[in-house]
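Accompanying notes for the structure given below.
Protein chains: 2
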Amino acid sequence: MPILYELYYWPDIPGRGEFVRLVLEEAGAPYVDVARRPRGEGGGIDAVVAFYAGRHEGHPVFAPPVLKHGDLVLAQTAAICDFLGRRHGLAPDDEADAAHALELQLTLADLVTEAHDTHHPLGAALYYEDQKPEAKRRAALFTSERLPRFLGYFERVLQHNGGDWLVGRAISHADLSLFQTLEGLAYAFPRAFARASADTPGLLAHRERVRTRPRLAAYLASERRPAFNEEGIFRRYPELDAG
Amino acid sequence: MPILYELYYWPDIPGRGEFVRLVLEEAGAPYVDVARRPRGEGGGIDAVVAFYAGRHEGHPVFAPPVLKHGDLVLAQTAAICDFLGRRHGLAPDDEADAAHALELQLTLADLVTEAHDTHHPLGAALYYEDQKPEAKRRAALFTSERLPRFLGYFERVLQHNGGDWLVGRAISHADLSLFQTLEGLAYAFPRAFARASADTPGLLAHRERVRTRPRLAAYLASERRPAFNEEGIFRRYPELDAG
């Protein structure tokens, strides 16, 4: 029997853990989403806290998500996606293409961080309510300049590679993360995303191409998929969504 | 004759390009720092701009640094360091350890971004002078909470691995990036760094262990090493350095 993967991530938000879930689901890899299990069975937030507090054997981790697989304890979303992608046919075989998949994963991570920082420009240690004027200024720059620039970049990458997938000839972990990022942006910034993505039809087609993959479609329709909400990275605050 | 590596990065700051330079230097890999060559020989800022403006053949890139090697065009600091590390004996051979080296590289990248955002909390599109009050608030949270937390984490990683290197039994690209990050933090926040690093003697010893590597020491003493200044990631603004 293969060793189960264990994912440790906050149970009530998609967050960065969702990028890992999508790779595990598309790979058809057996895994347990530990914190989404009942507390009585070792689930809940405490299971996640134990990892970054160092109350576990193995490599120290700075923050969730964390993947555990036998003795391996691995954090950092992009590192986990790269690791799983290489093991489960969701990374290109070619060395240069695999490096590109990681590169794209990291550029998506930058975009995700910038989307998060629209509501927390002064840092995550303060509540949104304590930095609303600053959030409005940062969000205005994000929706007017950064968002179109990022979307335009990924559209160019898609077109450069023939239009179906970001890199190589098949879906990779980078495509899954692009899908999740577009979903989050469309949730958090419906007006700004609609405007910016009008210029990137290839990205919108890519989003549907990923969404309709059989395993992904089954996952997205399941109880395992956490809904976006206002405690995660992508928050729908209308005052931050420039029209 | 081996194909030369070409690095495309802003010529007058260490910035994120410096993490790539350190890997190339410690590897003893032949490379050209293109933008630091005279403009008449294809150097200068224009050589860098051409890449993210898409005026080149090959994979589109979002931002510098960019590594070119034959047909390969690769961006994203951590992806470049991982790629070079694996090719030049500066990444662990073991698959799990190599994933950890990338994980640590990414946690360092997060720390570098947070250090940058102390002076640009509202985004890089505005001058520092246009966001000074916000910068003071963000920097105070960074120096009091985030900086000690990051340094404490890397100290734990070092101790967990025996104290000499972050992962595996030899120096890796993650160790080089840790060195550069500590150098930058000590430059930008001399008071806060001195205070926080008093609790992390292993990190301070590690910094000297890297600095005195023969190839690194030769590089650091050379004209090739750009000095820190107030146009890069790590800026010495005394008003942001809590005492």
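As given, the protein sequences belong to chains A and B, one line each in that order.
Using our numbering, the first residue of the first sequence is number 1, and each one after it goes up by one.
Using our numbering, the first residue of the second sequence is number 1001, and each one after it goes up by one.
Where is the CB? At the ideal position from N, CA and C, for every residue including glycine.
A quick note: this is a predicted structure, and the numbers were derived from the prediction, not measured.
Cβ shell of residue i (< 7 Å), same chain only, five flanking positions each side left out
i	result
B:G1202	E1155, L1158, Q1159, G1163
A:L204	S197
B:G1085	V1023, A1091, A1101, S1172, H1173
B:P1014	P1226, F1228, G1232
A:E97	It should be noted that the sequence gives Asp, not Glu, for residue 97 of chain A. Here the set comprises V167, G168.
B:L1182	L1203, R1207
B:A1063	Y1052, A1075
A:E239	K136
B:H1088	A1027, A1029
A:L106	A78
A:L111	F150, T181
B:S1144	A1242
B:A1109	T1077, A1078
B:N1161	V1167
Cβ neighbour criterion (16 or more within 10 Å) applied to residue i
i	result
B:R1039	exposed
A:I80	buried
B:K1132	exposed
B:A1078	buried
A:T212	exposed
A:Y153	buried
B:E1134	buried
B:G1054	exposed
For residue i, the three-state DSSP class (helix, strand or coil)
i	result
B:L1216	helix
B:V1061	coil
B:H1088	coil
B:D1175	helix
A:D164	coil
A:A135	helix
B:A1198	coil
A:A245	Because chain A is modelled from 1 through 243, residue 245 of chain A falls outside the range shown and cannot be assessed.
A:E6	strand
A:L67	strand
A:Y52	helix
A:Y31	strand
A:D46	helix
B:I1080	helix
B:Y1246	Since the first residue of chain B shown is 1001 and the last is 1243, residue 1246 of chain B is not available in this structure.
A:T118	coil
A:Q17	Checking the displayed sequence, the identity of residue 17 of chain A turns out to be Gly instead of Gln. Residue state, collapsed to three classes: helix.
B:F1248	Outside the shown range of chain B, which is 1001 to 1243, sits residue 1248 of chain B, and nothing can be said about it.
A:Y187	helix
B:G1040	helix
A:Y127	coil
B:A1242	coil
A:P226	coil
A:P148	helix
B:D1097	helix
B:R1169	coil
Rounded distance between the beta-carbons of residue j and residue i, thought under 8 Å
i	j	result
B:P1092	B:S1172	6 Å
B:R1236	B:A1188	5 Å
A:L7	A:P30	Contact flag wrong, Cβ pair sits at about 11 Å.
A:L151	A:T200	5 Å
A:F142	A:T118	5 Å
B:E1114	B:R1146	6 Å
A:G42	A:R36	Not really, about 11 Å apart at Cβ, beyond 8 Å.
A:R215	A:D33	With 8 Å as the limit, A:R215 and A:D33 do not qualify as a contact, their Cβ atoms being about 16 Å apart.
A:R191	A:A242	7 Å
A:Y128	A:H120	7 Å
Residues near residue i in its chain [Cβ-Cβ closer than 6 Å; skip 5 each side]
i	result
B:W1165	I1171, D1175
A:V73	G58, H59
B:L1185	F1193
A:G70	I3
B:R1016	P1065, T1077
B:L1104	L1166, A1174
B:F1179	R1207, V1210
A:R195	none
Close Cβ partners of residue i (< 8 Å) along its chain, the five nearest in sequence each way excluded
i	result
A:H56	A50, V73
B:D1094	G1168
Counting pairs of Cβ atoms below 8 Å between the region 18–27 of chain A and the region 210–221 of chain A, do you hit three or more?
-> yes
So does the region 33–51 of chain A actually touch the region 1013–1023 of chain B, counting three or more Cβ pairs closer than 8 Å?
-> no
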